[in-house]
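Input: a single structure, listed below in structure tokens.
Number of protein chains: 2
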Amino acid sequence: MNVEQYRVAPGAKIDLTEWDANDKNLFDGGKQQGQDALPALNKRLETLQELLYAEGKHKVLIVLQGMDTAGKDGVIRHVFNGVNPQGVKVASFKVPTPQELAQDYLWRIHKQTPGRGEIVIFNRSHYEDVLVVRVHNLVPPEVWERRYEHINAFEKLLTDEGTTILKFFLHISKEEQRQRLQERLDTPEKNWKFSMGDLAERKLWDQYMAAYEAVLSKTSTGHAPWCIVPANRKWYRNLIISHVIIQTLEGLNMRYPEGEPGLDKIVVE
Amino acid sequence: MNVEQYRVAPGAKIDLTEWDANDKNLFDGGKQQGQDALPALNKRLETLQELLYAEGKHKVLIVLQGMDTAGKDGVIRHVFNGVNPQGVKVASFKVPTPQELAQDYLWRIHKQTPGRGEIVIFNRSHYEDVLVVRVHNLVPPEVWERRYEHINAFEKLLTDEGTTILKFFLHISKEEQRQRLQERLDTPEKNWKFSMGDLAERKLWDQYMAAYEAVLSKTSTGHAPWCIVPANRKWYRNLIISHVIIQTLEGLNMRYPEGEPGLDKIVVE
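Protein chains in written order, with our numbering: chain A, 250 to 518; chain B, 250 to 518.
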């Protein structure tokens, strides 16, 4: 699957209205076939994760960003289904605590970056500091404007020191969000996922899109590229992300480490 | 399944030679049937974990201990297969770093304990501080002897503050370990799991059994009980642990939180 079309070229100027959240052009088939294609990818990812862990050389950081209901939790659940929980850590970044706010905004992020042999998934990330922070004017523009540069430098540090970074923007349409929120309201067992704040945030949709366009235009780099994933169809979103991760891991040319020499002669007593 | 027989009663004096690592008396069937029974339990655990997360009230700590090759990694992989990685964190405790050694031995442990709605699995734990530390005389006896009491008090703190603790000793026989180590030596793709240190540790088998007997006799409490899991058969080990966890979670009487009032009248625009 040639997923390159979803990758944001460094320096590209992104207008999200030109990106179709409904797109599914890379898959020849419908929802059922799409869902049926996922288990084989889960299996492949499981194998690659095991190799990553065994080799203990590379570090992998996966960043998930998107509007409320875009499917960040769903990706974690479905794309990583079956992968050894020991090798995959999820770091969820919520509203910062007072202690975190007393530090620079990358402090709490840096603490959660992967070590050798690890995959870490960021459910939201340092990008919130140029998204929600910008949209809600939590700091003056001159403060958030310089953050893109910090972020690129920070990610350069991580990649120079052995981390592979993949960043996914889960792209849903405003109409799709409406349906998903309505479903949370209409389904009693999903009520707990809903908060009134979700509607207030939804009113700021356009401001968020502008903030995301700035993120995608300024922070997709050769070392830490963004993918814009069409995410209206959950099954397609899962397939695309699975393929990107698998292709990236395959590109690392990992191999099982050799045992200590002479192992073949040992008899355990 | 009545798994009570594997629970260590508080104050019981444990002699591990009386516990059969080959036992499978609770399951009527062989390996294949045992393996076939696991996916339904995985599914049930997945549902319970989701409820735990949604309710956001309870904290669950699962401690895995056992000799090398006893199957700690295998339990994590198979018992938690399919469970949302976002809700389950694995904390592996290796040889302490200099910074960790500069603190008391529970300091690094406490940092990893679960928050509300979380399940944390300890792959090894604070018990190493009365196991490997004792067997290798890393501290004098008067220092490790008083640790059982610290540990019981620490676990009491955690449970009083809302944590459910389950501790599993994966019980394999010395002969079973011999076969598993030999297999790691004989299978090139498994060589990386082997280190010469494993053979040195194996020579101390009897000392480790004595140290485990002390742990099981002194630290199985009403609030944080130990289970001795017959672990020579991997499939049986997985079934027993799955059942204990599921029964414990079911006993918490969890329910989905109510949404904010009036949700049923909202129409998303």
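Note that the Cβ used here is the ideal one computed from N, Cα and C, for glycine as well. These figures come from a predicted structure and were not determined experimentally.
Those residues of the region 479-513 of chain A placed with their C-beta closer than 9 Å to a C-beta in chain B are 505, 506, 507, 508, 509, 512 and 513, ordered along the chain.
Taking 9 Å as the cut-off, the Cβ atoms of residue 502/A and residue 422/A do not count as close.
With a 10 Å radius around the Cβ and a threshold of 16 neighbouring Cβ atoms, residue 254/A comes out exposed.
Counting of Cβ neighbours within 10 angstroms places residue 487/B among the buried residues, the total reaching 16 or more. Here residue 314/B is buried, its C-beta having at least 16 other C-beta atoms within 10 Å. Residue 378/B sits buried, since 16 or more C-beta atoms from the chains shown fall within 10 Å of its C-beta. Contact between residue 515/A and residue 434/B holds: their C-beta atoms lie close to 5 Å from each other, under 8 Å. DSSP places residue 341/A in the uninterrupted beta strand (DSSP E) bounded by 337-341.
For residue 497/B, the enclosing alpha helix (DSSP H) has its first and last residue at 483-499. The bridge partners DSSP lists for residue 475/B are 416/B. Taking 9 Å as the threshold, the shortest C-beta distance from residue 445/A to chain B falls below it.
The beta carbon of residue 467/B sits closer than 7 Å to those of 397, all from its chain and outside the five residues before and after it, given in chain order. The Cβ of residue 459/B sits no closer than 9 Å to any Cβ of chain A. Cβ neighbours of residue 383/A within its own chain (closer than 7 Å, five residues either side excluded): 393 and 460. Look at residue 279/A here: in three-state DSSP terms it is coil, with no helix or strand label. Linking residue 296/A to residue 360/A through their CA atoms gives a straight-line distance of about 27 Å. Among the residues of chain A, those whose CB is under 9 Å from the CB of residue 338/B are 334, 338 and 339, following chain order. In this model, residue 256/A and residue 323/A are separated by some 21 Å (Cα to Cα). Across the set 506/B, 474/B and 373/B, the C-alpha of 373/B shows the shortest separation from the C-alpha of residue 340/B. Here DSSP, grouped into helix, strand and coil, assigns residue 325/A to helix. Sequence-distant partners of residue 270/A (beyond 5 residues in either direction) whose C-beta falls short of 8 Å from its own C-beta, in its chain, are 420, 421, 422, 425, 479, 480 and 481.
Residue 473/A does not reach chain B, its nearest Cβ partner there being about 22 Å away, counting only Cβ pairs nearer than 7 Å. The residue among 301/A, 266/A, 279/A and 274/A with its C-alpha nearest the C-alpha of residue 499/A is 301/A.
For residue 446/B, the secondary structure class from DSSP, reduced to helix, strand or coil, is helix. Note that the C-beta distance between residue 476/B and residue 403/B is not below 9 Å. In the structure shown, residue 314/B adopts extended strand secondary structure according to DSSP, grouped into three states. Counting C-beta atoms within 10 angstroms of its own C-beta, residue 429/B has 16 or more neighbours from the protein chains shown and is therefore classed as buried.
Residue burial annotation: residue 385/A is exposed, with fewer than 16 other C-beta atoms found within 10 angstroms of its C-beta. At a beta-carbon threshold of 8 Å, the residues of chain A lying near residue 427/B are 517 and 518, ordered along the chain. Close partners of residue 431/B in chain A (Cβ separation under 8 Å): 516 and 517.
Residue-level contact by beta carbon fails for residue 401/B and chain A, as no gap is shorter than 9 Å. The distance from the Cβ of residue 440/A to that of residue 518/B is about 19 Å, inconsistent with a contact at the 8 Å cut-off. Shortest Cα-Cα distance from residue 451/A to any of 431/A, 465/A and 258/A involves 431/A. DSSP lists 476/A as the beta-bridge partner residues of residue 256/A.
Here residue 491/B is actually not in contact with residue 275/B; their C-beta atoms are around 12 Å apart, not less than 8 Å.
Taking all protein chains shown into account, residue 367/B has 16 or more neighbouring C-beta atoms within 10 Å of its C-beta and is therefore buried.
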